[in-house]
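For reference, the structure is listed below as structure tokens.
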Amino acid sequence: MIGAGPAGMTAAYELSKELGGQVSALDVYELSDRVGGLSRSIDLWGQRVDLGPHRFFSHDKKINTLWLEVVDGRYDIVNRQTRIFYKKRFFDYPIRAFNALNNLGIPEAVRCLVSYGAERLFPTRDTSTFEGWVTSRFGKRLYTIFFKTYSEKLWGIPCNELDSDFAAQRIKKLSLFEAIRNALFQGRGNKHATLVDQFAYPTGGTGSVYEAMHRQIEARGGKVCLETGVEKVITSGGIARSLQLQNGETRDYDHIISSMPISLLVERLPEVPDPVKQLARSLKFRNTILVYLRVDRTDLFSDQWLYIHEPSVQMGRVTNFRNWLPSVYGDSRSTILCLEYWCYFEDEIWSMDYGELVEMAGREIIRTGLVGEGEVQEGHVLRLPRCYPVYFSGYHDVLKPVEEYLSTVRGLHVIGRYGAYKYNNQDHSILMGMLAAENILTDAAHNLWAINTDYEVYQEASVITKTGLATTVLKK
């Protein structure tokens, strides 16, 4: 198993549950010093924090049942509040038409409505890009205000070069028309599919789910090797045979599950045709820099996280860990904020030193007015390479031949956000791990490439409540 993120840990957990001591080796290799991948938690200044905001939500009974089994009652329900911060005002997210138009003021609201009307009369023809897709549903002006700045901070490319898949998966059917309809008919079951009002959150932070899996895997005879990087998968005759570790050791396996970045996996495989390697090299990932600030106040703002649409600052999102569960901050009288910055390896910010990043983050959070002068006490920096697979326009044509080649390598199972180049939520990565384990245990032949954030085929619908699992009815 390469990688101890949600997908890799779930696969190992499920395999260990079924196989126990029946196999000679069930090993998970993780480059960092703890499990959880992007969903890990860390202890900082006497509090527990995640790597930015990580909420868990699924309608899939199979996923929810596993999650509840692992957390074993150690969770609570969080009432979600996340808003857009723009021009020092808070805008509801998902967008609520009357809130947005009221905050913008009458002149700007009129311009937005006129722009939307023009879009209805003269629709955007090309909706294959993020810009075209969102403009067609909100009009050019609302797209520019509420989507363009944030998206270009996140992806580092113009929105007319970003594939519409990102919008289709994350925004789905939301439009200005739906936002107005929701405002007029609140409480009639017309909630947007991906943006829930409540979610289950572990009392020990998101990473505690995978820490619990870690304990169970080892109790059943498996092994999780932290701070142990994998250099490459070794194949022979189209079969994955072994792993070469970064320390030079080689270890043989019957099956290899990989969640390492797909570009690195393919580049280092020994039998890959050159055209496939060239395609894999062009798959791009966006890096994240997290700057944590300890602030000498507990009443900053009420959201779990804010989307920062201010073009005057580089940060794109701010998480307030004071607004999750009391169990993560305890009796501390300070608040930990996490400011997110996104970049590529070649961008100047990636090579800025620790102190410069803390100083910049402090200046920016004060500039927004969310924190006052002198309230930032100290900072902490984490750099996370290759976090977000970039859905550049036409990426499907690049990815498809890579997927097709990897599907021919017997004994190799590619999963996870990094491994499968999918912008997954936690629940979808968990599902990938579960189905990869089923493929090994029962020859189930699940198509792991087909799982993505738009997965909506539920065997049986359910939702996690404070008392456990409840069945629900989904309306398409």
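Residues in the sequence shown are numbered consecutively from 1061, following this note's numbering.
We put the beta carbon where it would ideally sit given N, CA and C, even for glycine.
Just so you know, these numbers come straight off a predicted model, no measurement behind them.
#1: Considering only residues of the region 1388-1469, which uninterrupted alpha helix (DSSP H) runs meet the minimum length of 4 residues and lie entirely inside it, listed in chain order?
#2: Straight-line CA distance for Ser1101 to Leu1324?
#3: I need the DSSP call for Ser1362, collapsed to helix, strand or coil.
#4: DSSP three-state label for Ala1530, please.
#5: Pairing CB atoms from the region 1380-1390 with CB atoms from the region 1258-1273, are three or more of them under 8 Å?
#6: Is the Cβ-Cβ distance between Gly1376 and Glu1400 less than 8 Å?
#7: Can you tell me where the beta strand (DSSP E) holding Arg1377 begins and where it ends?
#8: Is it right to say Arg1149 is buried, meaning 16 or more other beta carbons lie within 10 angstroms of its own, or is it exposed?
#9: Check whether the Cβ of Ser1467 lies closer than 7 Å to any heavy atom of the ligand HEM, and answer yes or no.
#10: When you compare only the Cα positions, how much space is there between Gly1080 and Leu1501?
#11: How many angstroms separate the CA atom of Lys1535 from the CA atom of Leu1529?
#12: Excluding sequence positions up to five away, which residues of its chain have a Cβ less than 7 Å from the Cβ of Gly1065?
#13: Spatial neighbours of Tyr1448 within its chain, please: C-beta separation below 6 Å, excluding the five flanking residues on both sides.
#14: May I ask which residues mark the beginning and end of the beta strand (DSSP E) holding Pro1262?
#15: Which full runs of the beta strand (DSSP E) of 3+ residues lie inside the region 1118-1199, going along the chain?
#16: Under three-state DSSP, which class holds Ile1500?
#17: Taking the beta strand (DSSP E) that Ala1480 falls in, what are its first and last residues?
#18: Going by the DSSP bridge assignment, what does Cys1219 pair with across the sheet?
#19: For a quick check, are the C-beta atoms of Ala1496 and Ile1317 less than 8 Å apart?
#20: If we define contact as Cβ-Cβ less than 8 Å, is Gly1297 a contact residue for chain C?
#21: Taking the DSSP output, what are the residues bridged to Arg1346?
#22: Taking Pro1371 as the reference, which of Trp1365, Trp1193, Lys1213 has the closest Cα?
#23: If you draw a straight line from the alpha carbon of Val1418 to that of His1440, how long is it in whole angstroms?
#24: In chain order, what residues of the same chain lie with their CB nearer than 8 Å to the CB of Thr1189, ignoring the 5 residues before and after it?
#25: Tell me where the alpha helix (DSSP H) around Ala1085 begins and ends.
In this structure, then:
#1: For the region 1388-1469, the continuous alpha helix (DSSP H) assignments of 4+ residues that do not extend past its boundaries occur at 1414-1428, 1455-1468, in sequence order.
#2: Within the sequence shown, numbered from 1, the residue matching residue 1101 stands at position 41. Within the sequence shown, numbered from 1, the residue matching residue 1324 stands at position 264. Going from the Cα of Ser1101 to the Cα of Leu1324 covers about 25 Å.
#3: Taking the sequence shown and counting its residues from 1, one reaches residue 1362 at position 302. Three-state DSSP puts Ser1362 in coil, outside helix and strand.
#4: Looking up residue 1530 in the sequence shown gives position 470. Here Ala1530 sits in strand by DSSP.
#5: yes
#6: Start at 1 with the first residue of the sequence shown, and residue 1376 comes out as number 316. Start at 1 with the first residue of the sequence shown, and residue 1400 comes out as number 340. Yes, the Cβ-Cβ distance between Gly1376 and Glu1400 is below 8 Å.
#7: One-based indexing of the sequence shown puts residue 1377 at position 317. Annotation for Arg1377: the continuous beta strand (DSSP E) segment containing it runs 1377-1380.
#8: Along the sequence shown, one-based indexing puts residue 1149 at 89. It counts as exposed.
#9: This structure lacks the ligand HEM; in fact it carries no ligand of any kind.
#10: Along the sequence shown, one-based indexing puts residue 1080 at 20. Along the sequence shown, one-based indexing puts residue 1501 at 441. Near 12 Å, if we compare the C-alpha coordinates of Leu1501 and Gly1080.
#11: Counted from its first residue, the sequence shown places residue 1535 at position 475. Counted from its first residue, the sequence shown places residue 1529 at position 469. With a pLDDT of only 48 at Lys1535, under the threshold of 50, the placement of this residue in the model should not be trusted; the figure read from the coordinates follows. Approximately 19 Å, taken between the alpha carbons.
#12: As a first step, residue 1065 is located in the sequence shown; it is residue number 5 there, counting from the start. The residues are Gly1096, Gly1097, Leu1098, Ser1099, Ser1319, Gly1476, Ser1489.
#13: Position 388 of the sequence shown, counted from the start, is the residue given in the question as residue 1448. Here Tyr1448 has Arg1346 as same chain residues with Cβ atoms under 6 Å from its own Cβ, once five neighbours each way along the sequence are excluded.
#14: Residue mapping note: residue 1262 aligns to position 202 of the sequence shown, counting from 1. Run containing Pro1262: 1258-1262, per the beta strand (DSSP E) assignment.
#15: Counting only unbroken stretches of 3 or more residues, the beta strand (DSSP E) elements lying wholly within the region 1118-1199 are 1135-1139, 1142-1146, 1149-1152, in sequence order.
#16: Stepping through the sequence shown from its first residue, residue 1500 is reached at position 440. In the three-state reduction of the DSSP assignment, Ile1500 falls in the helix class, which pools H, G and I.
#17: Residue mapping note: residue 1480 aligns to position 420 of the sequence shown, counting from 1. Element bounds for Ala1480: not the beta strand (DSSP E) but the alpha helix (DSSP H), 1476-1480.
#18: Within the sequence shown, the letter at position 159 stands for residue 1219. Per DSSP, none; premise fails for Cys1219.
#19: Within the sequence shown, numbered from 1, the residue matching residue 1496 stands at position 436. Within the sequence shown, numbered from 1, the residue matching residue 1317 stands at position 257. Yes.
#20: Of the protein chains in the structure, only one exists, and it is not chain C.
#21: Residue mapping note: residue 1346 aligns to position 286 of the sequence shown, counting from 1. According to DSSP, Arg1346 bridges with Tyr1448.
#22: Position 311 of the sequence shown, counting from 1, holds the residue named residue 1371. Closest option to Pro1371, Cα to Cα, is Lys1213.
#23: Along the sequence shown, one-based indexing puts residue 1418 at 358. Along the sequence shown, one-based indexing puts residue 1440 at 380. Cα to Cα, the separation comes out at about 7 Å.
#24: For the purposes of this step, residue 1189 is identified with residue 129 of the sequence shown, where counting begins at 1. Result list for Thr1189: Cys1219, Asn1220, Glu1221, Leu1222, Asp1223, Ser1224, Ser1453, in chain order.
#25: For this step, residue 1085 is matched to residue 25 along the sequence shown. That residue, Ala1085, is in no alpha helix (DSSP H); it is neither H nor E in DSSP.
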